[in-house]
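Numbering (our numbering), first residue to last: 302 to 522. For reference, the structure is listed below as structure tokens.
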């Protein structure tokens, strides 16, 4: 683990508004990072607009569709990994929305790089970690264990970002659906109140006109 002098933050937002407090919660977390030591990688137009508006450092800007595909996640992960391996940044974090259910989405910060020590990994049918450590059998790898691990870690990082994009898009769609439903319910309630007020005024005018007519007839008699 090297000392963190500079970091990169992958900020994943929506492309459009009308999604309730989704982006606001994300940007509140992003604003906590020191602008002097943080560069941002954005995915989503709202994130790029936030970085430009707050005059923070933008390293790269990406977009992704309403149905994210794996090919959209790979460039983001590769760019962040290259920044880390070249030493330009000492850590990479992801600020994105986690999809919990249709009514609940949670903005959070997760570690992307460096990858911590892997412990307690359980694979069905495989030997336990203690058994593997005590084994004396030697295996030959082709390619080398380093090459295999390098490929697997790179693939893991791509899948990690792909999952982030999927959860972000699911959160966006759910938040927008809830926001639109609330707006529709509020509009319907407002229409009902205005209709009731209109009917009261109309009934009052009719009653007043009837009283005027009746008063005129009594006066002429």
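From the three backbone atoms N, C-alpha and C, an ideal C-beta is built for every residue, glycine too. Quick caveat, the model's predicted, so the values are computed rather than measured.
*Own chain, CB closer than 8 Å to residue 449, minus 5 neighbours either side, in chain order*: Here the question's residue 449 lines up with position 148 in the chain shown. Around residue 449, the same chain offers 442 as residues with beta carbons nearer than 8 Å, after the five sequence neighbours per side are excluded.
*Under the three-state reduction of DSSP, which class applies to residue 390: helix, strand or coil?*
Translated into the one-based positions of the chain shown, residue 390 becomes position 89. Residue 390 falls in the coil class under three-state DSSP.
_Best match in 485, 351, 490 and 310 for proximity to residue 384 [C-alpha to C-alpha]_ = As a first step, residue 384 is located in the chain shown; it is residue number 83 there, counting from the start. Distance check between residue 384 and each of 485, 351, 490 and 310 places 310 closest, using alpha-carbon atoms only.
*Quick one, are the C-beta atoms of residue 413 and residue 475 less than 8 Å apart?*
As a working note, residue 413 is residue 112 in the chain shown. As a working note, residue 475 is residue 174 in the chain shown. With respect to residue 475, residue 413 sits apart: the two C-beta atoms are not nearer than 8 Å.
_Check whether the segment 359 to 372 and the segment 424 to 431 touch, using three or more Cβ-Cβ pairs below 8 Å as the test._
Because the criterion of three Cβ pairs below 8 Å is not met, the segment 359 to 372 and the segment 424 to 431 do not touch.
*Length at least 3, wholly inside the segment 338 to 384: the beta strand (DSSP E) runs in chain order*: Listed in chain order, the complete beta strand (DSSP E) runs (minimum 3 residues) inside the segment 338 to 384 are 339 to 344 and 358 to 363.
*Is DSSP giving residue 406 helix, strand or coil here?*
Taking the first residue of the chain shown as position 1, residue 406 is located at position 105. Looking at residue 406 - three-state DSSP - the assignment turns out to be strand.
_Segments of 4+ residues assigned as alpha helix (DSSP H) that fall wholly inside the segment 438 to 502_ = Here no run is fully enclosed.
*Is it true that the CB of residue 387 sits closer than 8 Å to the CB of residue 345?*
Walking along the chain shown from the start, residue 345 turns up at place 44. Walking along the chain shown from the start, residue 387 turns up at place 86. In this structure, residue 345 keeps its C-beta atom at 8 Å or more from the C-beta atom of residue 387.
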